[in-house]
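A.B. asks: Numbering (my numbering), first residue to last: 6 to 259.
Even glycine gets a Cβ: it sits at the ideal position worked out from N, Cα and C.
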Ligand code: ADP
Ligand code: MG
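Okay, structure coming up:
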């Protein structure tokens, strides 16, 4: 589904290298999680997969469903079915939520979206996410609380039905009940779309308890340094990244 090979990425503005020879393969239907301290490049990775213009790929490639997408524009990647739930969702003044989602849906199909069907579907999805209906007509994310923004991202996701989903710190901003609800919706989505793959970036094992990853990766300084199953997430939570590295160092020194 997604093959990242030897990816080295620099920030356009200051040429600082954030990702260094990072490789990661995600097969159809697999759920992968990435954990790592602040500033190691997790969000950069998610933005580079989506084609964010702030970053320059110096080396390596990203392939999606067999196609090299390393130099594709963001909208083309989105059209191919990649969706990024942002750590910090952008506010789009002047564009309402419903316009935004309807335009995106229209962009993807040859015939215009049926308005009646669209509104019905939006209403149902907003109900299921316990979202206030007035949000449909508000500008995208403007004045939304942190949790409301995250729910709004999940609403977009469920309307657009992507095949590859990146969740960048889904948990930040969501209260405990909303987090459970949103994770349940994502699990339901997964059931309905068994070939959909996910890449989950989080600091908390509890999110992974709810989303059940097949693999957990630890990221340090722009590369994946360790891969395991959910027990790696529990270890990280118990000992911290520093503790894990100390143990690793002791093992390699021996
Ligand atoms: P993480 O998500 O792992 O906490 P990020 O990927 O957001 O980390 O950032 C990695 C490093 O790169 C940080 O030091 C951050 O300040 C820097 N960085 C990322 N994007 C930019 C940017 N557009 N401009 C300047 N610095 C950036
Ligand atoms: Mg981040």
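Confirm the yes/no value for this check: CB of residue 177, any heavy atom of ligand 2, distance under 7 angstroms.
C.D. replies: What you label residue 177 is simply residue 172 of the chain shown in a count that begins at 1. Because no heavy atom of ligand 2 lies under 7 angstroms away, the Cβ of residue 177 does not count as near it: no.
A.B. asks: Provide the residue(s) that pair with residue 173 in DSSP beta bridges, ordered along the chain.
C.D. replies: Your numbering for residue 173 matches position 168 in the chain shown. Residue 173 pairs with 206.
A.B. asks: If you measure between the beta carbons of residue 144 and residue 71, is that distance less than 8 angstroms?
C.D. replies: Indexing the chain shown from 1 puts residue 144 at position 139. Indexing the chain shown from 1 puts residue 71 at position 66. Not in contact: residue 144 and residue 71 (Cβ atoms no closer than 8 angstroms).
A.B. asks: Apart from the five residues on each side of it in sequence, which residues of its chain come closer than 6 angstroms, Cβ to Cβ, to residue 30?
C.D. replies: Translated into the one-based positions of the chain shown, residue 30 becomes position 25. For residue 30, where only same-chain residues beyond five positions count, the Cβ hits under 6 angstroms are 8.
A.B. asks: Following a CB-centred definition, is residue 47 positioned closer than 7 angstroms to any heavy atom of ligand 2?
C.D. replies: Here residue 47 corresponds to residue number 42 of the chain shown, with the count starting at 1. Yes - ligand 2 has a heavy atom lying nearer than 7 angstroms to the Cβ of residue 47.
A.B. asks: Is the Cβ-Cβ distance between residue 174 and residue 207 less than 8 angstroms?
C.D. replies: Translated into positions along the chain shown, residue 174 becomes position 169. Translated into positions along the chain shown, residue 207 becomes position 202. In contact: residue 174 and residue 207 (Cβ atoms closer than 8 angstroms).
A.B. asks: I think residue 130 touches residue 163, with their Cβ atoms under 8 angstroms apart; what is that distance to the nearest whole Å?
C.D. replies: Counted from its first residue, the chain shown places residue 130 at position 125. Counted from its first residue, the chain shown places residue 163 at position 158. Contact flag correct, Cβ pair sits at about 5 angstroms.
A.B. asks: Residue 16: beta carbon under 7 angstroms from a heavy atom of ligand 1?
C.D. replies: Here residue 16 corresponds to residue number 11 of the chain shown, with the count starting at 1. Yes, the beta carbon of residue 16 sits closer than 7 angstroms to at least one heavy atom of ligand 1.
A.B. asks: Output the distance between the C-alpha atoms of residue 19 and residue 10, rounded to the nearest integer angstrom.
C.D. replies: Start at 1 with the first residue of the chain shown, and residue 19 comes out as number 14. Start at 1 with the first residue of the chain shown, and residue 10 comes out as number 5. C-alpha separation (whole angstroms): 24 angstroms.
A.B. asks: Where in the stretch 8-62 do unbroken runs of the beta strand (DSSP E), each at least 3 residues long, occur, reported from the N-terminal end onward?
C.D. replies: 22-31 and 36-40
A.B. asks: Taking the C-alpha atoms as reference points, what is the distance between residue 147 and residue 141?
C.D. replies: Reading the chain shown from its first residue, position 142 is the one you call residue 147. Reading the chain shown from its first residue, position 136 is the one you call residue 141. Roughly 12 angstroms between the two C-alpha positions.
A.B. asks: Does the beta carbon of residue 173 fall short of 7 angstroms from some heavy atom of ligand 2?
C.D. replies: Stepping through the chain shown from its first residue, residue 173 is reached at position 168. Yes - ligand 2 has a heavy atom lying nearer than 7 angstroms to the Cβ of residue 173.
A.B. asks: Pull up the CB-CB distance for residue 45 and residue 203, whole angstroms please, since I reckon it's below 8 angstroms.
C.D. replies: Here the question's residue 45 lines up with position 40 in the chain shown. Here the question's residue 203 lines up with position 198 in the chain shown. No, residue 45 and residue 203 are not in contact; Cβ-Cβ is about 20 angstroms, not under 8 angstroms.
A.B. asks: Considering only their Cβ atoms, is the gap separating residue 82 from residue 56 smaller than 8 angstroms?
C.D. replies: Within the chain shown, residue 56 is the residue found at index 51, counting from 1. Within the chain shown, residue 82 is the residue found at index 77, counting from 1. Yes, the Cβ-Cβ distance between residue 56 and residue 82 is below 8 angstroms.
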